[in-house]
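Data block below; observations after.
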Amino acid sequence: MTKKVFKGRVVVKGKASAEALVSKGGFNTLASYQHSLMFGDKTGKCSDQNNPELYKKAMAGKALCMPQTIGSTTGGLVLYCAASMSRQPACLLFSKEIDSLAAAGAILADVWTDNSMPTVDGLGDEFLEYVQTGDRITVEDDGSVIVER
27 MTKKVFKGRV VVKGKASAEA LVSKGGFNTL ASYQHSLMFG DKTGKCSDQN NPELYKKAMA
87 GKALCMPQTI GSTTGGLVLY CAASMSRQPA CLLFSKEIDS LAAAGAILAD VWTDNSMPTV
147 DGLGDEFLEY VQTGDRITVE DDGSVIVER
């Protein structure tokens with residue numbers, strides 16, 4: 027087993043341990059969660075057909091690794107709703123800086139729900155090049171992200 031540690035900026039503090047689910051493209055929050063939130067899919071299966079790395083894969087409880095979010099201004103609300111319905115990822119990990127709307131959703135989910143979704147950004151391009159779907163991810167309070175395979 028190999029282990030590599032990356033350090034980013036803490037947006038939402040917390041600890042998590044989960045299987046990685048990786049998207050090298052931008053993550054459209056609304057398109058990805060729309061089906062799950064509207065039709066009751068508790069696994070949070072990705073409904074964004076424009077994201078082949080995630081399409082039809084369960085996102086709930088996974089370490090969602092991505093460069094950044096893209097899409098509509100509802101992105102933060104969608105993340106909050108996913109957490110309020112217990113369909114959120116175990117954590118959100120960004121290679122680039124998180125946008126303010128997604129950050130607001132992650133922070134509101136932390137404050138207004140009992141469902142933790144630690145969020146770390148600024149992990150760098152090397153993080154996204156290294157991490158693979160299925161790797162074991164551990165997130166620490168200080169923004170350390172440990173990738174094990």
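The opening residue of the sequence shown carries number 27 in our numbering; numbering runs sequentially from there.
For each residue, glycine too, the CB sits at the ideal point set by N, CA and C.
Computed from a predicted model, the values in this text were never measured in an experiment.
Asked: Below 8 Å, is the gap between the Cβ of residue 46 and the nearest heavy atom of the ligand MG?; Found: Ligands in the displayed structure: none, and consequently the ligand MG is not present.
Asked: Going by the DSSP bridge assignment, what does residue 117 pair with across the sheet?; Found: 89
Asked: Between the stretch 105-116 and the stretch 51-71, do at least 3 Cβ pairs fall closer than 8 Å?; Found: yes
Asked: Quick check on this structure: which residue in 115, 78, 98 has the alpha carbon closest to the alpha carbon of residue 91?; Found: 115
Asked: Is there contact between the stretch 140-155 and the stretch 70-83, where contact requires at least three CB pairs shorter than 8 Å?; Found: no
Asked: Distance, Cα to Cα, residue 142 vs residue 52?; Found: 23 Å
Asked: Comparing C-alpha positions only, which one of 43, 149, 27, 94 sits nearest to residue 54?; Found: 94
Asked: Name the DSSP bridge partner or partners of residue 174?; Found: 29, 162
Asked: Quick check: what's the CA-CA separation for residue 45 versus residue 159?; Found: 7 Å
Asked: Can you find the residues in the same chain that come closer than 7 Å, C-beta to C-beta, to residue 128, ignoring five residues on each side of it along the sequence?; Found: 55, 95, 101, 102, 105
Asked: Name the DSSP bridge partner or partners of residue 145?; Found: 38, 118
Asked: Bridge partners for residue 48 per DSSP, in chain order?; Found: 91
Asked: Within a Cβ cutoff of 6 Å, which residues of the same chain sit near residue 134, ignoring the five residues on either side of it in sequence?; Found: 106
Asked: Using the Cβ count rule (16 or more neighbours within 10 Å means buried), how would you classify residue 145?; Found: buried
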